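Numbering (our numbering), first residue to last: -11 to 78. In this text, a Cβ means the ideal position worked out from N, Cα and C, and glycines have one as well. Just so we're clear, the structure is a prediction, and the values are computed from it rather than from any experiment. To start, the structure under review is shown below, and the notes come after it.
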């Protein structure tokens, strides 16, 4: 019975921690600076580029790098799955 109580207490603490993080993130994203605008914002341009604005300074996101990384990971997983199938089948 004590173990169940401890597990429930741990789950409640984790839930409260996550809820606190969500409230903090919401508060930070709602902050604005009079000179610079939002503290953090994301914008998607019509040509597909992504801009992250942090404290009034815009930074482009290299989406090509992300796409290449995802493609490489997908290829690696496919090759690994094919090897596993070959090893399992007689």
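About 14 Å separates the Cβ atoms of residue 58 and residue 49, ruling out a contact at the 8 Å cut-off.
In the three-state DSSP reduction, residue 39 falls in the strand class (E or B). In the DSSP assignment, residue 52 falls within the alpha helix (DSSP H) that extends over 51 to 76. Across the structure, residue 11 and residue 3 are spaced so that their CA atoms are roughly 12 Å apart.
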